[in-house]
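Going by the UniProt record's numbering, the first residue of the sequence shown is number 1, and it counts up by one from there. Below is one structure, written out as structure tokens, with a few remarks after it.
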Amino acid sequence: MDYMSDLRKILREQRAQAGMTRDQVGAAVGLSGASIASFEQGRMIPQPDTARLLDELFKTGEKVRRAVNEAREDSRPPWLRPWTDHEQRATLLRWWEPLLMPGLLQIEEYARAVLRGGWVVDDAVDRTIQVRHDRQAATVNRPTPPALTAIIGEFALMCTPPEIDREQLKHLLEISHRPRVQVLVVPRSAGLHGGLQGAFVLASLPARGRAGYVDDQLRGRVVTDGGDLDQLEVSWEIVAGLALPVQPSRDLIAKAINDHD
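Written out as structure tokens, the structure is:
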């Protein structure tokens, strides 16, 4: 079932029954008319607070909220859903990225630049950004987030347009000061090493459970085989051993910010 189509239909029908324009609906819930258009066209999904306000505006009980929850679940690619469930349950996330910023730490402008430079078609970019935003809200931005250690290669600090990169780096530096977040950098001087074979994430789950996630040009996959997880643990130890400590890593990020001034 296409729950996004159901949401679009509900929003258009309720607005028509209320005799309101998109601008009027937007003003009533604290958004622009363009935002309402993006909901009705299926490019974006309302946030929970917005869905509640729309239900109150249209006097639809919880109809919009139910449709939003279903559309949000439906918007995640099938291959991603098992991993996002692990992300939300994790007590510790360990993320290695040799070339890019970790997805949970990306600002919207940076994510858009990455997606538009890859395989994602234009009309899917907004939906993909929405999914990433929801993942951030369910992990690093929730009131009791999991511990996160993100290790990135130094190249990730310098590979996007300056006007985007500077804001992304400022966000990275700010989030590195959160109590449950560590951001470490592997300097270019580390040379060739095993971690350059690709990005991955390790999740520590309740009751000593664990899972991994690896990405490629087509899709990501969840890793649960014990032997494969052991290999990812070895790779993690390699990059962790090469990474700068917390404060020197912050200093390197700050230097990259200043280089964009």
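Quick reminder that beta carbons are idealized off the backbone N, C-alpha and C, glycines included.
Other residues of its chain near residue i: CB distance less than 8 Å, five sequence neighbours each side excluded
i           : result
residue 168 : 101, 106, 107, 109, 110, 160
residue 26  : 32, 33, 34, 35, 36
residue 238 : 193, 194, 195
residue 235 : 96, 194, 195, 197, 200
residue 6   : 67, 70, 71
residue 175 : 105, 140, 181, 183
residue 228 : 212
Whole-angstrom distance between residue j and residue i, CA atom to CA atom
i           : j           : result
residue 220 : residue 20  : 42 Å
residue 52  : residue 62  : 7 Å
residue 124 : residue 248 : 38 Å
residue 173 : residue 254 : 7 Å
residue 264 : residue 250 : A question about residue 264 goes unanswered here, because the residues of the chain that appear run from 1 up to 261.
residue 243 : residue 140 : 22 Å
residue 69  : residue 13  : 18 Å
residue 179 : residue 142 : 13 Å
residue 60  : residue 79  : 33 Å
residue 17  : residue 170 : 45 Å
residue 38  : residue 137 : 20 Å
residue 262 : residue 114 : Lying outside 1 to 261, the shown extent of the chain, residue 262 is not represented and no answer is given.
residue 245 : residue 252 : 11 Å
residue 256 : residue 177 : 17 Å
residue 188 : residue 23  : 50 Å
residue 116 : residue 94  : 26 Å
residue 133 : residue 217 : 21 Å
residue 231 : residue 156 : 24 Å
residue 145 : residue 42  : 29 Å
residue 9   : residue 131 : 21 Å
residue 207 : residue 135 : 23 Å
residue 190 : residue 99  : 14 Å
residue 30  : residue 158 : 36 Å
residue 258 : residue 103 : 23 Å
For residue i, the residue or residues it bridges with in DSSP
i           : result
residue 200 : 96, 214
residue 182 : 149
residue 220 : 215
residue 205 : 209
Other residues of its chain near residue i: CB distance less than 6 Å, five sequence neighbours each side excluded
i           : result
residue 28  : 57
residue 147 : 92, 180
residue 64  : 51, 54, 55
residue 11  : 39, 40
Chain-order list of residues whose beta-carbon lies under 7 Å from that of residue i (same chain, five-residue window excluded)
i           : result
residue 213 : 83, 200, 201, 220, 222, 223
residue 260 : 162, 165, 166
residue 211 : 86, 203, 205, 222, 223, 224
residue 240 : 151
residue 129 : 108, 111, 112
residue 209 : none
Say whether the stretch 38 to 47 touches the stretch 81 to 88, bearing in mind that this needs 3 or more beta-carbon pairs closer than 8 Å, one atom from each stretch.
Touching, no, given that fewer than three Cβ pairs across the two stretches are closer than 8 Å.
Cβ pair count under 8 Å reaching 3, the stretch 177 to 195 against the stretch 145 to 155
Result yes; three or more Cβ-Cβ pairs closer than 8 Å.
Restricting to runs no shorter than 4 residues, where is the alpha helix (DSSP H) found entirely within the UniProt domain "HTH cro/C1-type" (11 to 64)?
Entirely contained in the UniProt domain "HTH cro/C1-type" (11 to 64), the alpha helix (DSSP H) runs reaching 4 residues are, in chain order, 22 to 29, 33 to 40, 48 to 58.
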